[in-house]
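All remarks here apply to the structure that follows.
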Amino acid sequence: MLSILALGFAVGLQHAFEADHLAAVASLSARAKAVRDVVLHGLTWGLGHALTLLLLAGGVFLVGAAIPEAWASRLEFAVGVMLVGLGAHALWRLWRDRVHVHVHTHGDATAHVHLHSHRDSDAHHHAHGFRWRTLLVGLMHGLAGSAALLLLAATRVGEPGWGLAYIAVFGLGSMLGMGALSVALAVPLSASAKRLTALHTALQALIGLATVAIGAGTVAEHW
11 MLSILALGFA VGLQHAFEAD HLAAVASLSA RAKAVRDVVL HGLTWGLGHA LTLLLLAGGV
71 FLVGAAIPEA WASRLEFAVG VMLVGLGAHA LWRLWRDRVH VHVHTHGDAT AHVHLHSHRD
131 SDAHHHAHGF RWRTLLVGLM HGLAGSAALL LLAATRVGEP GWGLAYIAVF GLGSMLGMGA
191 LSVALAVPLS ASAKRLTALH TALQALIGLA TVAIGAGTVA EHW
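According to my numbering, numbering within the sequence shown proceeds without interruption in unit steps and concludes at 233.
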């Protein structure tokens, strides 16, 4: 059983690297300027994901029922809609910030070009609150993935207690995996936010477009 639990943890780590998970966390943390903020988004997503798995999949496993395939498909469809919304919102924030060019000269008559945006002055203040929206996104992802996890757990363990343990280590693995992945995501976002406004804007636009594309693909698949 220990080897099966270790496998569950490893599968949880891998699960965090799925494209729709990364797209969701990236779009939620695209405006973050510090590595810590991005990592906290990733860990909060993982917490919501793990909580749903334990409550829903664990409960279903204990009563010996199965999540209907039609329900699982509808949940995946809802995740696709959510991703389209997250990506569109990231792109809307870029438009709202309205990045523009300022050119000015110093005493030596040399022209200097700077990029500025109209980002709200209280954005930094809001970055320190609990990331409820990220938690809700994680909860939704957990709902969509619970059917497949339940099937996997049921084929590997025979007792409800071990099934819950498998789900728990899977959730922990996905949480830590997303935390580690967030570090890799945070480095370019943080570095570009401090000095390279154009690059930071381009990264945010790329994240928004990719999230919309992944969400649209999920919606089409489960239409």
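All C-beta atoms, glycine included, are put in the ideal place defined by N, C-alpha and C.
Values in this document were obtained by computation on a predicted structure and should not be read as measured data.
Check whether the Cβ atoms of residue i and residue j sit closer than 8 Å, and answer yes or no.
{"i": "Leu96", "j": "Thr221", "result": "yes"}
{"i": "Val91", "j": "Val229", "result": "yes"}
{"i": "Ala33", "j": "Leu101", "result": "no"}
{"i": "Gly68", "j": "Ala26", "result": "no"}
{"i": "Ala40", "j": "Ile217", "result": "yes"}
{"i": "Gly58", "j": "Val147", "result": "yes"}
{"i": "Leu153", "j": "Thr62", "result": "yes"}
{"i": "Ser184", "j": "Gly22", "result": "yes"}
{"i": "Gln24", "j": "Leu104", "result": "no"}
{"i": "Leu64", "j": "Gly187", "result": "no"}
{"i": "Ala196", "j": "Val48", "result": "yes"}
{"i": "Arg141", "j": "Leu50", "result": "yes"}
{"i": "Lys43", "j": "Ala208", "result": "no"}
Does DSSP put residue i in a helix, in a strand, or in coil?
{"i": "His232", "result": "coil"}
{"i": "His136", "result": "Reliability of the predicted coordinates at His136 is poor, the pLDDT of 46 falling under 50, and the value obtained from them is presented with this limitation in mind. His136 falls in the helix class under three-state DSSP."}
{"i": "Arg106", "result": "helix"}
{"i": "Arg141", "result": "coil"}
{"i": "Ser131", "result": "With a pLDDT of 42 at Ser131, under the threshold of 50, the predicted position of this residue should be treated as unreliable, though the coordinate-derived value follows. Reduced to three states, the DSSP call for Ser131 is coil."}
Tell me where the alpha helix (DSSP H) around residue i begins and ends.
{"i": "Ala40", "result": "That residue, Ala40, is in no alpha helix (DSSP H); it is neither H nor E in DSSP."}
{"i": "Ala16", "result": "12 to 25"}
Taking only heavy atoms of the ligand ADP into account, decide whether any of them is closer than 7 Å to the Cβ of residue i.
{"i": "Thr62", "result": "By its list of ligands, the structure shown contains no ligand whatsoever, and the ligand ADP lies outside what it can speak to."}
What alpha helix (DSSP H) runs, 4 residues minimum, are completely inside the segment 42 to 87? 45 to 62, 68 to 73
Which parts of the segment 188 to 215 are runs of the alpha helix (DSSP H), unbroken and 4 residues or longer, counting only runs that do not cross its ends? none
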